[in-house]
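Novice: My structure is below; once you've seen it, I'll send some questions.
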Amino acid sequence: MEMKKRINLELRNRAPEKVTELVLDNCRSSNGEIEGLNDSFKELEFLSMANVELTSLAKLPTLSKLRKLELSDNIISGGLEVLAERCPNLTYLNLSGNKIKDLGTVEALQNLKNLKSLDLFNCEITNLEDYRDSIFELLQQITYLDGFDQEDNEAPDSEDDDDEEGDEDDDDEDEDEAGPPGEYEEEDDEDDGGSDLGEGEEEEEVGLSYLMKEEIQDEDDDDDYVEEGGDEEEEAEGIRGEKRKRDPEDEGEEDDD
21 MEMKKRINLE LRNRAPEKVT ELVLDNCRSS NGEIEGLNDS FKELEFLSMA
71 NVELTSLAKL PTLSKLRKLE LSDNIISGGL EVLAERCPNL TYLNLSGNKI
121 KDLGTVEALQ NLKNLKSLDL FNCEITNLED YRDSIFELLQ QITYLDGFDQ
171 EDNEAPDSED DDDEEGDEDD DDEDEDEAGP PGEYEEEDDE DDGGSDLGEG
221 EEEEEVGLSY LMKEEIQDED DDDDYVEEGG DEEEEAEGIR GEKRKRDPED
271 EGEEDDD
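With our numbering, the residue at position 67 of the sequence shown is 87, and numbering never jumps.
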């Protein structure tokens, strides 16, 4: 009685329209109903009612956004067709430890088109011959039965998958932003080294050729100067010779006169 009051008090103190996850394990239901759990929980996505002595789902409220429903360790033996009407978007359903005995009871789950995982562990139906093959053939929309697929591969834990995906995204972002370490630094070093060496060689070649040109021009200037000086001296000596020759002749002519 105290457990029931505590659960009901918790439901009253929470705004139903904002609740997405609700765990009511081990409380006690009354005539297949938990007081305070009603249609006002419109955003509820996860509901757990394990070991609450449920005998029927007839009074289950309409929870259109519910995706995961835990109903293990109750006394449910039938009436599963209610789930398709009240919780049409279920992807995971745990009915382990209930009183489900035959395939006819499970057949009502065919209308849960989004159902991917079903747990019937510790129900009497698991003692049927070809139990797993029969369930997979009856409910072709499911991927996992009692935690394993048809190839006996274990169902992944959703939380671990989310963590792994988050780590991969972080690694991809780091690689996109930073790039492979050292790649760009090596390229920069190679470019810098090549440019410095090229400039040094060009400066050296230009300096030597420039000096050699200056020396050649100096030699040419000296030769021109010497040649010009020699020509002038030769011309001057020629003029003097002519004067010397003319002077005696001129003197003779003057004497004759």
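Positions of the beta carbon are idealized from the N, C-alpha and C atoms, including for glycine.
1. Does the beta-carbon distance from E101 to R87 come in below 7 Å?
2. Is the segment 168-176 touching the segment 139-150 in the sense that three or more CB pairs, one from each, lie closer than 8 Å?
3. Starting from Y112, follow its DSSP beta bridges and name the residues at the other end.
4. Which of the three DSSP states, helix, strand or coil, is assigned to L67?
5. Can you name, in chain order, every residue of its own chain whose Cβ lies under 7 Å from the Cβ of E274, other than the five neighbours on each side?
6. By how many angstroms is the C-alpha of E149 removed from the C-alpha of L77?
7. Thinking C-beta only, is L113 closer than 7 Å to L80?
8. Let me confirm a value: T82 is counted as buried when at least 16 other C-beta atoms fall within 10 Å, else exposed. Which label applies?
9. Less than 8 Å between the CB atoms is what I'm expecting for L74 and L42, so what's the real figure, rounded?
10. Quick one: residues in its chain with C-beta nearer than 6 Å to the C-beta of L115, no 5 flanking neighbours on either side, listed in chain order?
11. Indicate whether Q161 and L135 have their beta-carbon atoms separated by less than 7 Å.
12. Does DSSP put E157 in a helix, in a strand, or in coil?
13. Which term fits I96, buried or exposed, when burial requires 16 or more other beta carbons within 10 angstroms of its beta carbon?
14. Helix or strand or just coil, what does DSSP make of V39?
15. According to DSSP, simplified to helix, strand and coil, what is E127?
16. When DSSP labels each residue in this structure, what does E105 get in the three-state scheme?
17. E53 and K85 look like a contact to me (Cβ under 8 Å); what is the Cβ gap, rounded to whole Å?
18. Measuring CB to CB, does L132 end up less than 7 Å from L165?
19. Distance, Cα to Cα, F61 vs R48?
Specialist: Straight from the coordinates:
1. For E101 and R87, no; Cβs fall outside 7 Å.
2. no
3. Looking at the DSSP output, Y112 shares a beta bridge with K88, S137.
4. strand
5. Its pLDDT being 47, under 50, E274 is placed unreliably by the model, and nothing is read from it.
6. 28 Å
7. no
8. exposed
9. Contact doesn't hold; Cβ gap of about 15 Å is too wide.
10. So the list reads L91, L140, once near-sequence residues are dropped.
11. yes
12. helix
13. buried
14. coil
15. helix
16. helix
17. E53 to K85, Cβ: 21 Å. No contact.
18. no
19. 19 Å
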